[in-house]
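Protein chains in written order, with our numbering: chain A, 71 to 286; chain B, 184 to 566; chain C, 36 to 247.
Note that the Cβ used here is the ideal one computed from N, Cα and C, for glycine as well.
Beneath this line is the structure, given in structure tokens, with notes to follow.
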Amino acid sequence: MRSLRYFVNNTDRILGYAGEHAVLILMAVVMAVLVWVSVGILIRNNRRMARGVLGIASLIMSVPSVALYGILVTIPGLGLSRQSAVLALVLYAMLPIIRNVYVALNGVDAAIMENARGMGMSARRILFRVQLPLATPVILAGVRVSVVMMVGIATLAVFIGERNLGVLIQQGLVRTRSDMIIVGAVLVSAFAIGIDYLFSKLEHLLVSPGIRGEAA
Amino acid sequence: MIRFKNVTKRYPGMVRSAVDGLSLEVNQGETCVFVGPSGCGKTTTLKMVNRIFEPTSGEILVNGENILSQDQDTLRQGIGYVIQKTGLFPHYTVFENVATVPRLLGWDHQRINSRVHELLRLVGLDPDENAHKYPRELSGGQSQRVGVARALAADPPVMLMDEPFGAVDPITRTQLQNEFLTLQQKVRKTICFVTHDIDEAIKMGNRIAIMNNGRLVQYDTPEKLLLAPADDFVAEFIGSDRSLKVLSLLPVPKVLKRQFRVVKETAELETVRASFDATERNRLVIEDENSNVVGYVTRGDAGKASSARGWNRFIKPFPTTLPPEATLRDALAVMLQHDVGAIPVMEHTRKFLGMVYLDDIRSYVGEAYQESEPEPAGEGAPS
Amino acid sequence: MNWHRLIEVVRLEGLQLTAQHLELVGISLSIAIAVAIPVGILVTRPPFNKWSLQILAFLNTAQGVPSLAVVAIFLPIMGIGRVPSLFALTIYALLPIARNVIAGIEGVDPDVLEAARGMGMSRGRVLTRIELPLALPVIIAGVQTSAVLTVGTATLAHLIAGGGLGRLIFSGISMHRPDYIIAGSLMTAALAILIDQVIGLIHRWISARYSG
């Protein structure tokens, strides 16, 4: 009840935080997809390179988020800034996106690949017309996992100067205000679930009906 | 049309060559079936033609031109390719799958559209019903038909087929084989066909290339192969029932007895008796005014008849007949089924052509073996 | 940055805080494993197995709740200190383990189960001889995920006075002391990576024994 009252009384402020949250996530997602999908495509035919890149990615994945933020802010030029927050989120997306791109591109049925080659499609055309469309569900699943993760990790960016939904939880903690904590926790969770749902719709938009519902 | 000149393929790290000094020629419009046990090099041979694998040495000429001197993708666009697991693109509709190569070649929409519809009808699929389906909505047999349509899309003179009917159930396979034979009558492609099934090879091939350990053991027509296997390996590979298999290659007219007395049912008894006097046979074939067969009369029955036309009641119908395109195997099967030693062969119009006798089949096959096999070597080794 | 001061920070506070951190992780992870595995198995037995997919979906969604929220949410009820920290960490650590136990057991090929049942194995035997061994890689992967998450989440225990390496990082940020931040971050990261690797080794050891 108190939480609801807090929410109603502070709608503007909370919407502002939500907006900041969304902007941060959006920047990180766009960058992460552009960079990591390209890296995944580049390493698709090089098993040794893939193993190295995925090793680094899983190492980064196991660095706790508070620690990663901590390390990034001490780097000159980054500091307590949005760059640090975005970079941290992008780094966490490295493993799920690259791994799924790599696995999905290499997972295309050998018979399909052979037929594509046998019909005289160039390697480039095979990549864009066959491999990527077939890999889309799995790649989307990777992006989906990373974005949902980002929403949670972004709340911790309040400790390095971000003003997003995490502020509610952090301030609630400092002031022992359970209403603020609950509003913050519920909104962040709803945010994550909402994005998860959005991605299930995105699949319908991007994936051919011929393979829909097979992965993810 | 397709010429292999001393082609060898050795994979890195392998001691033995996958294909060893292969030379053969596939004539225009013919189907050459490569057959042999697994690992014999048949698939490698096929896949060198469209440069999925490159030969280590030797030359492959398609239409007189060395394939290595052509652009790889252009070469492949001109060669139809069908493989066992169809390799249909699951994210493309049937239409888009068939349209793949025409699109690569930059055809306009109108032309692609009419070509795809034409092809789907050609392989026995209703375009309106199937063009917009995705591969996962198709049965195994339908997928294979789409695979064949896709390979034929740009009307390539050459087709490569790697166990194209290997992944479907036996009934569908027989059906697809028959359909493909009919299709090939129309399109007359030069085809390289790989299978491990000797029966399929005999059925589909104008010529069969039997391979073992990377080498070509025998390259011959199915008939020659069955009658005169080059060595023990071939004989064993064909199987001890090869004399039965050869029967399915020989059409009934080969042993047909045509000099047969045919009598009209309106004839007088005298004519019937005269006809029996003029022949050693114990039966006369009887036909009606329009030269349609109605049955036969035996010598004994003709003797019992007394009045000029009373013999008609002794006319017995034949228990079964054969069309002229039937094979000796069909004839034998029908004989065993009906427990008869002779069957009449007639046109679909019921015009009499002659009789097939069990004894004639036996002696014809025996002679064929003797001709091509002076010594009884390599006779049906037990498997 | 002054390396001398960094080493000093580690020597004076770092080792003790690491021990505290390890204790938080160790206790909560142990309880989480002890609870999540039986609960996960129970969920895959009748009559609960009817809802196992829904439970799995719920656990997946719950994983989206940010760690900060989980740590904070118990503050009003339980106050601050070690016990609320352990409680929050345990709850958070439960999710990935339970999820993977269910997913692992549900993922066993139904044909294999049918074959086992057809040979006359009892349900209990099917569980211990077939389902659990086959699900083991997935279960261990869940423990691995959970351990790494818990090491990270334990840094937040500092916010409710639960101790641990979070103290170095958070005080470093508020006091603008990069040496504190770096010391805390690197030690936390090293701890997480170390635990990840150790569980990975255990995983490989077990799977080698099972497949050998």
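Length of the line joining the Cα atoms of residue i and residue j
i	j	result
B:PRO500	B:GLY478	4 angstroms
B:THR510	B:VAL517	11 angstroms
B:GLN267	B:GLU346	5 angstroms
A:ASN234	A:HIS274	30 angstroms
C:GLY197	A:MET183	56 angstroms
A:ALA158	A:LEU142	8 angstroms
B:GLY349	B:LYS386	14 angstroms
C:GLY49	C:VAL161	48 angstroms
A:ILE265	A:VAL218	7 angstroms
A:TYR139	A:ALA260	24 angstroms
C:ALA192	A:VAL133	17 angstroms
A:LEU226	C:ALA104	10 angstroms
A:SER73	A:THR81	12 angstroms
C:ILE230	C:LEU169	24 angstroms
B:ARG193	B:LEU288	33 angstroms
B:VAL198	B:SER240	16 angstroms
A:ALA98	C:VAL233	31 angstroms
C:ILE76	C:VAL173	13 angstroms
C:ARG244	B:PHE376	47 angstroms
B:LEU410	B:MET394	18 angstroms
C:ILE217	A:THR246	29 angstroms
C:SER157	C:LEU148	11 angstroms
C:SER120	C:PHE205	16 angstroms
B:THR404	B:ALA514	22 angstroms
Residue j beta carbon less than 8 angstroms from that of residue i
i	j	result
A:LEU238	A:MET220	no
B:TYR540	B:ALA551	no
A:LEU257	C:LEU194	no
B:LEU321	B:VAL331	no
B:GLY537	B:LYS440	yes
B:THR319	B:PRO273	Before going on, a small fix: residue 319 of chain B reads as Arg here, not Thr. Closer than 8 angstroms, so yes.
C:ALA151	C:ILE165	yes
A:VAL228	A:ALA205	no
A:LEU165	A:ALA127	yes
B:VAL218	B:ILE374	no
B:VAL446	B:MET529	no
B:LYS211	B:MET231	Here the sequence assigns Gln to residue 211 of chain B, which means Lys is not the residue at that position. No.
C:ALA254	C:LEU129	Given that chain C is displayed from residue 36 to residue 247, the structure contains no residue 254 of chain C and the question cannot be resolved.
A:VAL213	A:ILE168	no
A:SER216	A:TYR162	yes
C:LEU167	C:ILE137	no
B:PHE278	B:ALA314	yes
C:THR79	C:GLU141	yes
B:THR357	B:VAL216	no
B:GLU463	B:ALA491	no
Contact belief for residue i with residue j at Cβ below 8 angstroms, rounded distance in angstroms
i	j	result
C:VAL186	C:THR125	Rounded, the Cβ-Cβ distance is 14 angstroms, inconsistent with contact.
A:ILE263	C:THR96	6 angstroms
B:VAL438	B:ALA485	27 angstroms between Cβ atoms; not a contact.
A:GLY190	B:THR257	7 angstroms
A:VAL160	A:LEU94	About 11 angstroms; that fails the 8 angstroms criterion.
B:THR214	B:VAL202	Not quite, the Cβ-Cβ distance comes to about 20 angstroms (not below 8 angstroms), so this is no contact.
B:LEU408	B:ASN233	About 26 angstroms; that fails the 8 angstroms criterion.
Length-filtered (4 minimum) alpha helix (DSSP H) runs lying within the segment 418–495 of chain B: DSSP runs (the alpha helix (DSSP H)) wholly in the segment 418–495 of chain B: 425–430, 452–460 and 482–487.
By the 8 angstroms beta-carbon criterion, what residues does the segment 273–292 of chain B contribute toward chain A? Within the segment 273–292 of chain B, the qualifying residues are PRO273, HIS274, TYR275, THR276, THR283, VAL284 and LEU287.
Any residues in the segment 90–106 of chain C with a beta carbon nearer than 7 angstroms to a beta carbon of chain A? Which ones, in chain order? Taken in chain order, the members of the segment 90–106 of chain C whose beta-carbon sits within less than 7 angstroms of a beta-carbon on chain A are THR96, GLY99, VAL100, PRO101, SER102, LEU103 and ALA104.
Using a Cβ-Cβ cut-off of less than 8 angstroms, list which residues of the segment 201–213 of chain C approach chain A; keep chain order. Residues of the segment 201–213 of chain C with a C-beta atom less than 8 angstroms from some C-beta of chain A are GLY201, ILE204, PHE205, GLY207, ILE208 and PRO213, listed in chain order.
Taking beta-carbon pairs under 7 angstroms, can you tell me which members of the segment 188–203 of chain A lie near chain B? Shown in chain order are the members of the segment 188–203 of chain A whose Cβ falls below 7 angstroms from a Cβ of chain B: GLY188, MET189, GLY190, MET191, SER192, VAL200 and PRO203.
Identify every run of the alpha helix (DSSP H) within the segment 86–145 of chain A, keeping only runs that are complete inside it and at least 4 residues long; order them along the chain. Here the runs fully enclosed are 117–131 and 135–143.
Jot down the residue ranges of each uninterrupted alpha helix (DSSP H) in the segment 36–124 of chain C, minimum 4 residues, whole runs only, in chain order. Runs of the alpha helix (DSSP H) inside the segment 36–124 of chain C: 38–44, 50–78, 87–97, 102–108 and 110–113.
For the segment 224–251 of chain B, list every residue whose C-beta sits within 7 angstroms of some C-beta in chain A, in sequence order. Listed by position, the residues of the segment 224–251 of chain B near chain A (Cβ gap below 7 angstroms) are ASN233 and ILE235.
Please go through the segment 244–331 of chain B and give each complete beta strand (DSSP E) segment of 3 or more residues, from N-terminal end onward. Taking 3 residues as the shortest admissible run, the segment 244–331 of chain B contains the following complete beta strand (DSSP E) segments, listed from N- to C-terminal end: 262–266.
When you check each C-beta in the segment 127–140 of chain A against every C-beta of chain C, which residues fall closer than 9 angstroms? Under the 9 angstroms Cβ criterion, the segment 127–140 of chain A contributes SER128, LEU129, MET131, SER132, VAL133, PRO134, SER135, VAL136, ALA137, LEU138, TYR139 and GLY140.
Give, in chain order, every residue of the segment 487–511 of chain B whose Cβ lies closer than 9 angstroms to some Cβ of chain A. Taking a C-beta cut-off of 9 angstroms against chain A, none of the residues of the segment 487–511 of chain B qualify.
Residues, ordered as in the chain, of the segment 316–331 of chain B that lie near chain A by beta-carbon distance below 7 angstroms: Near chain A, meaning a CB-to-CB distance below 7 angstroms, the residues of the segment 316–331 of chain B are TYR317, PRO318 and ARG319.
Taking beta-carbon pairs under 9 angstroms, can you tell me which members of the segment 173–188 of chain A lie near chain B? Look at the segment 173–188 of chain A: the residues with a C-beta under 9 angstroms from a C-beta of chain B are ASP179, ALA180, ALA181, ILE182, MET183, GLU184, ASN185, ALA186, ARG187 and GLY188.
At 4 residues or longer, and completely inside the segment 324–378 of chain B: list those alpha helix (DSSP H) runs for me, N to C. Secondary structure in the segment 324–378 of chain B: the alpha helix (DSSP H) runs of 4 residues or longer, each lying completely within the stretch, are 353–370 in chain order.
Write down every uninterrupted run of the alpha helix (DSSP H) in the segment 194–233 of chain B whose length is 4 residues or greater and which is fully enclosed by it, in chain order. Runs found: 225–232.
List, from N- to C-terminal side, the alpha helix (DSSP H) runs of 4 residues or more that fit wholly inside the segment 122–168 of chain C. For the segment 122–168 of chain C, the full-length alpha helix (DSSP H) segments reaching 4 residues or more read 145–153 along the chain.
Short-range partners of chain A found in the segment 365–392 of chain B, where Cβ spacing is below 9 angstroms: So nothing in the stretch comes that close.
Which ranges would you report for the beta strand (DSSP E) in the segment 173–214 of chain A if only whole runs of at least 3 residues count? For the segment 173–214 of chain A, there is no continuous beta strand (DSSP E) assignment of 3+ residues that stays within its boundaries.
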